[in-house]
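Chemist: Reading the sequence shown from the start, the letters are residues 23 to 771 in my numbering.
Virtual Cβ for every residue (Gly too), placed ideally from N, Cα, C.
Computed from a predicted structure; not experimentally measured.
Please read through the structure below; I'll follow up with questions.
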Amino acid sequence: MQDGSSGWKIGSCVLCAQNCGLEILVEDNQIVRVKGDKSNPRSQGYTCRKGLSIAHYADNADRLRYPLKKIGDTHVRISWEQAISEIAEKLQKIKDKYGSKSFAYMGGGSLGGQMEVGLGLRLLSLLGSRYYYSSLAQEFSNIFWVDGRIAGKQSLVSLPDGHNADTLVAWGWNGWMSHQEPRTRDLIREMKKNPTKRLIVIDPRFSETAERADIHLALKAGTDTMLLKAIIRIILDNGWTDEEYLADHVNGWEKIAPLFDGFEARRAIEDVCMLNYEDVVEVTRLIAQTKSSIHEDLGIYMNRNSTINCYLLHILRAITGRFCVEGGHVFPSFLFPMGSNTDERNPKTWRTVHNDMFPVMGVFPPAIFPEEVLNDHPERLRALIVSACNPLRSYPDTLAYEKALAALDLSVCIEVVYSETARLCDYVLPSLSYLETYDTTCFSFTYPEFYFQLRQPVLEPISPEAKEGAAIILEIIKAMGFLPELPESLYKAGENGITAYLGEFNQYLTNNPDQGRKAPLILAETLGKALGSVNQALVVGLLLNSSKPFKAGAVELGYPADFNMFEEMYKSIINKPQGLLLSKFPEDNFSMLATEDKKLSLYIEELVEPLEAATIESEIRNLELPANYPLILHSGLHHETAANTILRNPEWNRSRRVNTMLMNEADAIKLGLNDGDKARITTRASRAEIEVEISKYAAEGCVYIRHGGGLIYDGEKIGVNVNELVLATDRDEMCTPMHRRIPCRVEGV
Ligand SMILES: Nc1nc2c(c(=O)[nH]1)N[C@H]1C(S)=C(S)[C@@H](COP(=O)(O)OP(=O)(O)OC[C@H]3O[C@@H](n4cnc5c(=O)[nH]c(N)nc54)[C@H](O)[C@@H]3O)O[C@H]1N2
Ligand SMILES: Nc1nc2c(c(=O)[nH]1)N[C@H]1C(S)=C(S)[C@@H](COP(=O)(O)OP(=O)(O)OC[C@H]3O[C@@H](n4cnc5c(=O)[nH]c(N)nc54)[C@H](O)[C@@H]3O)O[C@H]1N2
Ligand code: SF4
Ligand SMILES: [Mo]
23 MQDGSSGWKI GSCVLCAQNC GLEILVEDNQ IVRVKGDKSN PRSQGYTCRK GLSIAHYADN
83 ADRLRYPLKK IGDTHVRISW EQAISEIAEK LQKIKDKYGS KSFAYMGGGS LGGQMEVGLG
143 LRLLSLLGSR YYYSSLAQEF SNIFWVDGRI AGKQSLVSLP DGHNADTLVA WGWNGWMSHQ
203 EPRTRDLIRE MKKNPTKRLI VIDPRFSETA ERADIHLALK AGTDTMLLKA IIRIILDNGW
263 TDEEYLADHV NGWEKIAPLF DGFEARRAIE DVCMLNYEDV VEVTRLIAQT KSSIHEDLGI
323 YMNRNSTINC YLLHILRAIT GRFCVEGGHV FPSFLFPMGS NTDERNPKTW RTVHNDMFPV
383 MGVFPPAIFP EEVLNDHPER LRALIVSACN PLRSYPDTLA YEKALAALDL SVCIEVVYSE
443 TARLCDYVLP SLSYLETYDT TCFSFTYPEF YFQLRQPVLE PISPEAKEGA AIILEIIKAM
503 GFLPELPESL YKAGENGITA YLGEFNQYLT NNPDQGRKAP LILAETLGKA LGSVNQALVV
563 GLLLNSSKPF KAGAVELGYP ADFNMFEEMY KSIINKPQGL LLSKFPEDNF SMLATEDKKL
623 SLYIEELVEP LEAATIESEI RNLELPANYP LILHSGLHHE TAANTILRNP EWNRSRRVNT
683 MLMNEADAIK LGLNDGDKAR ITTRASRAEI EVEISKYAAE GCVYIRHGGG LIYDGEKIGV
743 NVNELVLATD RDEMCTPMHR RIPCRVEGV
C-alpha cells in the first residue's frame, strides 16, 4: 500500500476521462516531478501536458482548508460538527415542510473519481428524491438515449474501438486536443504513419486533428444530418450494405430503409454541406468496405439535430456491420455501469415538476435546473448538494444559475477549492483531492478485457481538516438518523480481512432483514472504518455486487469461484496501484446487449418523423442564422490550454495565449479586426469583451471561446466565462445545450 511519504509514487491523472497513469515524485508533500507511468496497462506511459501539470491541481491558492458557512455575504469558518448537524437539521426541515421533491444532488460526472456518487445517490434516495443532475446530461443524453433504445438498456454505453480500426473517422471530435481515446496522440500518429490506416476528419474547421488527417471533409457547420443521409444513400446505391450482418444481428432495418428512398445525395452534399461529391463517395467506401470506426463527439452531441444524428450514425454502423465488432463500435466491459436505466416510457420514471422533463440514464439535464428552482410550484427544488462539479462555470446560463442558487433554502458544496459555485453556497465542505484518497472511475472503456485501477493517495492531506467526499456524505446520512446502531463486532470484523468481514456482514443482514436496503451504507460505515477509507469499502461492495459475466471472467483469470474471490481481488487491487486486468468479458460483444434476441433493435418509432422531416429544403431553411446574429459561437473549445474548470492557477499555461476568441482571417478582415484587438461578442444571453486571435484553426463564419474561462483564482477573475453567453433555454428536446451553435455577432470596440 502506498502512503503520502516522500519518493516516487504511482498515481493517475484526474483531468480527463482517460485517467492516464502517472509516476509522481513527492518531496515534503509537494509534487516536484511527473512522468507517464509505463506500468499502467491502459495508458502505457502516455500523458499530455495537462497530466504533467497535475501539481497545480494538487495545491493552489484556492484549496479549501476547513468547513465554511455563509453569513450575510461572507463565508466564515465553522467546525465539522456544526456544519454536519446544521445541514442535517435543515434537510429534515425542508423534507417535513415541502416534501421529497425539494432535493437535488448534482455532480459526480467528474473525471477523477466517482465513488462518492454512490453515496450521494443513496442520500438522495433516503430523502425520497431522484433528482440527480450531472454533466453527463449536458453532453451525452442524446446518444445515451439512442443507445438505450438500440441496445435495450440505457446503462449500456457504446464507444468506438479506434485502436483496432483501419479507418478512423473523427466526426465532430478534436482528439489531438481532447483525447477521448486511450493514448490519442499516439493513435493519431500511428494512423498517419501506417500506410494501411487512414484518419478521416469531418469538421467544419481545420482542427488540430484535421491537420493530421488523410482526408478532411470541411462541411458547412451544422449540416451533419444531410451528410449522414447522403452517405447512407450512397451505400444503398452501391450495394455496400453488409447483408449477412443485417440478417444475423439487426432487427428493424427494413422499416427504416424506405426513409432514404429518393434522397438526393449529390444535391445535399454539394448544395447544403458544401462538399465535393467524389470525396464523400470515397469516405463512404472507406467506412463501408474497411475495418472502420467512427468516433463522434461534442461537435455532434452539443449541436443541432443531435438525437437524429446519433441515430443516423448508429444506422450507418449497423448497415455496414461495424457494431459490436473489433475495431468498430463496442459496448465496453464494466464493474459498475455509468448510470441506471430510466426509460421515460415507464410511468414510474420521475419527471421534473416544472418542465415535466425525464432523466436519461438516471440523470436530469443541468440546463433546466434554474427553471426547476425559479418557479412557484409547491414542490419546486429547494435544496441542492453539489459535489465535484462547478455549475457556475460549467453549466449554461451563469446568470440563471446565480439566481437559482440564491433562491434555494439550502445549498451545500463539497469541493477541493473555493470554486465559483462554492462562493455562492450556504455551506462549503472541504474534500480531500483525488491525489489524497483512494478512488476510482467507471471509465475503463475497453473490451473484452476489463482493467481496473484503484488510485492510491500520493500526497498527505494538504489540509488536516479535509475528508474523503464519500465520508462527508456518510456523515450527513448518519446525522439524519438513516443508519441503525451497528454492532461493534461488525466494525471489528474488517480488521481480519475481507472474507472474515463479509461473513459477519452476511450474518448481520440475515439477522436484520429490514436493513437490506441500507446494506451498502452499513458496509461503507463499518468496513470503511476498518480499512480507514469509505471508498475502499465501496469498492469491495462493487465487487460483491458485480455482474455474472464479470465474475465469470474473473474466475477465468484465476480468481477463486467462491466467497474468497473478493478478498483475493481486493488484495490484487491494492498491490497494483497502477491498475490491473481484473476480468474478461465474453468475446462475443453482442452478448452484452439487453435485447431479448441479442440483436440490435434499430427501429426507433419516435425518430421516424424527425428523420423524415429533415429534408434538403427544411435544412436549408433551418440552417439560416438570424440577421442580427450572423456568426456561430462555438461556446467552449476543449483546447489543450483548458482542463475543464479543474486547473485554476493560470501559471500552468505560463506564456501561452489563452483568454482569446479564435476567428478566421476572412471574418476578421470583413469586421476590420486585427489579431490582438479587443472585440465585443453579443449573444441572446449577454455580451462580453475579448481579445481576437486570428487563427487557421477557425472556420469562416464561426468564432471559438475556450471552455473553462472566467475562473476566479485567488480572488481575481481571469478570462471570459463562456457560459454567461449561453441561454439555458437554448437547448434541444433532450435539454442538451446547443453549445456548438450559439448565434452571435462580433464588433470591434
Ligand atoms: N485539453 C482538454 N482536453 C479535454 C477537456 C478539456 O477541457 N481540455 N475536456 C474533456 C471533456 S469533459 C470532453 S467532453 C472532451 C470533448 O472533446 P471534443 O468533443 O473533441 O471537444 P470540442 O473542442 O468540443 O471539439 C469538437 C469538434 O467539433 C467540431 N464541430 C463544431 N461544429 C461542428 C459541426 O457542425 N459538425 C461537425 N462535424 N463538427 C463540428 C469543432 O470544430 C471541434 O473541432 O474533451 C475532454 N478533453
Ligand atoms: N459552454 C460550455 N460549457 C461546458 C462545456 C462546453 O463545451 N461549453 N463542456 C461541458 C463538459 S463536456 C463537461 S464534462 C462539463 C464539466 O464540468 P464539471 O462537471 O463542473 O467538471 P470539472 O470542471 O471537470 O470539475 C468540477 C469541479 O470538481 C472539483 N474537484 C476536483 N477534484 C475534486 C475532488 O476530489 N472532490 C470534489 N468534491 N471536487 C473535486 C474541481 O475543483 C471543479 O471545481 O463542463 C461542461 N460545460
Ligand atoms: S490525456 Fe492528459 S488530461 Fe487526460 S488523463 Fe491523460 S494526461 Fe490526463
Ligand atoms: Mo465532458
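When the Cα of Thr263 is compared with those of Ala232, Arg227, Ala310, which residue comes out closest?
Modeler: Taking only the C-alpha atoms, the option nearest Thr263 is Ala310.
Chemist: So the alpha helix (DSSP H) Pro789 belongs to, where does it begin and stop?
Modeler: In the structure as shown, the chain starts at 23 and stops at 771, and residue 789 therefore has no counterpart that could be examined.
Chemist: At which residues does the beta strand (DSSP E) containing Thr96 begin and terminate?
Modeler: Element bounds for Thr96: 96-99.
Chemist: Cα separation between Ala488 and Ser28?
Modeler: So the two alpha carbons sit approximately 21 Å from each other.
Chemist: Could you say which of Ala576, Asn586, Glu618, Phe585 lies nearest to Lys606 if we only look at CA atoms?
Modeler: The residue with the shortest Cα to Cα distance from Lys606 is Ala576.
Chemist: Just how far apart, CA to CA, sit Asn666 and His660?
Modeler: Rounded to the nearest angstrom, the two C-alpha atoms are 7 Å apart.
Chemist: Any heavy atom of ligand 3 closer than 8 Å to the beta-carbon of Gln40?
Modeler: At least one heavy atom of ligand 3 is nearer than 8 Å to the Cβ of Gln40, so yes.
Chemist: Secondary structure at Lys219, three-state DSSP: helix, strand or coil?
Modeler: Coil.
Chemist: Going by alpha carbons, who is nearest to Glu526 out of Leu545, Lys570, Asn650?
Modeler: Measuring from the Cα of Glu526, the nearest candidate turns out to be Leu545.
Chemist: For the alpha helix (DSSP H) that Tyr120 lies in, which residues bound it at each end?
Modeler: Note, Tyr120: alpha helix (DSSP H), 102-120.
Chemist: Given 8 Å as the limit, tell me if Leu250 has its C-beta closer than that to any heavy atom belonging to ligand 3.
Modeler: Result no, Cβ not under 8 Å from ligand 3.
Chemist: Evaluate Pro182 with the Cβ neighbour count: other Cβ atoms within 10 Å of its Cβ, from every protein chain shown; 16 or more gives buried, anything less gives exposed.
Modeler: Looking at its Cβ environment, which holds 16 or more other Cβ atoms inside 10 Å, Pro182 is buried.
Chemist: Is Leu320 near ligand 1, in the sense that its beta carbon is under 8 Å from a heavy atom of that ligand?
Modeler: At least one heavy atom of ligand 1 is nearer than 8 Å to the Cβ of Leu320, so yes.
Chemist: Leaving aside the five residues before and after Met213 along the sequence, list all residues of the same chain whose C-beta is less than 7 Å from its C-beta, in chain order.
Modeler: Taken in chain order, the residues that qualify are Leu190, Lys219, Arg220, Leu221.
Chemist: For Phe345, which three-state DSSP category applies?
Modeler: Strand at Phe345.
Chemist: If you draw a straight line from the alpha carbon of Leu90 to that of Ala493, how long is it in whole angstroms?
Modeler: So the two alpha carbons sit approximately 17 Å from each other.
Chemist: So is Thr443 buried or exposed if we call it buried at 16+ other beta carbons inside 10 Å?
Modeler: It is buried - the Cβ of Thr443 has at least 16 other Cβ atoms within 10 Å.
Chemist: Looking at Leu47 and Val36, is the spacing between their C-beta atoms short of 9 Å?
Modeler: No, Cβ-Cβ distance for Val36 and Leu47 is not below 9 Å.
Chemist: Is there at least one Cβ from chain B nearer than 9 Å to His317's Cβ?
Modeler: The structure shown has no chain B; it contains just one protein chain.
Chemist: Under 9 Å between the Cβ atoms of Met383 and Met360?
Modeler: In this structure, Met360 lies closer than 9 Å to Met383 by Cβ.
Chemist: Taking DSSP as the reference, what is the three-state secondary structure of Asn260?
Modeler: Note: Asn260 maps to helix in three-state DSSP.
Chemist: What runs of the beta strand (DSSP E), each 3 residues or longer, lie entirely inside the segment 164-223?
Modeler: As far as the segment 164-223 is concerned, its whole beta strand (DSSP E) runs of at least 3 residues are 189-193.
Chemist: Please classify Met137: does DSSP put it in a helix, a strand, or coil?
Modeler: Looking at Met137 - three-state DSSP - the assignment turns out to be helix.
Chemist: Using DSSP bridges, identify the partner residues of Tyr154.
Modeler: DSSP output for Tyr154 lists Tyr127 as bridge partner(s).
Chemist: Verify whether the separation of the beta carbon atoms of Asp419 and Asn164 is less than 9 Å.
Modeler: No; because the gap between Cβ atoms is not below 9 Å, this pair is not in contact.
Chemist: Does the Cβ of Ile278 have 16 or more other Cβ atoms within 10 Å, making it buried, or fewer, making it exposed?
Modeler: With 16 or more other Cβ atoms within 10 Å, it is buried.
Chemist: If Ser34 sits next to Gly274, beta carbons under 8 Å apart, how far is it from one beta carbon to the other, in whole angstroms?
Modeler: Between Gly274 and Ser34 the Cβ distance is about 41 Å, and since that is not below 8 Å, they are no contact.
Chemist: Nearest-angstrom Cα distance between Asn62 and Arg211?
Modeler: Whole-angstrom Cα-Cα distance: 21 Å.
Chemist: For the beta strand (DSSP E) containing Lys31, name the first residue and the last one.
Modeler: Looking at the DSSP string, the run of the beta strand (DSSP E) that includes Lys31 is 29-34.
Chemist: Can you look up Ile520 in the DSSP assignment and give me helix, strand or coil?
Modeler: Helix.
Chemist: Can you find at least 3 beta carbon pairs, one from the segment 632-647 and one from the segment 504-520, that sit closer than 8 Å?
Modeler: Because the criterion of three Cβ pairs below 8 Å is not met, the segment 632-647 and the segment 504-520 do not touch.
Chemist: Less than 8 Å between the CB of Thr371 and some heavy atom of ligand 1, yes or no?
Modeler: False, no ligand heavy atom lies under 8 Å from that Cβ.
Chemist: Let me confirm a value: Glu755 is counted as buried when at least 16 other C-beta atoms fall within 10 Å, else exposed. Which label applies?
Modeler: By the 10 Å Cβ count, Glu755 comes out exposed.
Chemist: Any idea which residues DSSP pairs Asp461 with across the strands?
Modeler: In the DSSP output, where bridge partners are listed per residue, Asp461 has Arg477.
Chemist: Relative to the alpha-carbon of Leu141, which residue among Ser677, Leu268, Gly550, His761 has its alpha-carbon at the smallest distance?
Modeler: Leu141 has its Cα closest to that of Gly550, out of Ser677, Leu268, Gly550, His761.
Chemist: On the premise that Pro470 lies in contact with Ser315, defined as a C-beta separation below 8 Å, what is that separation, rounded to the nearest angstrom?
Modeler: Contact flag wrong, Cβ pair sits at about 16 Å.
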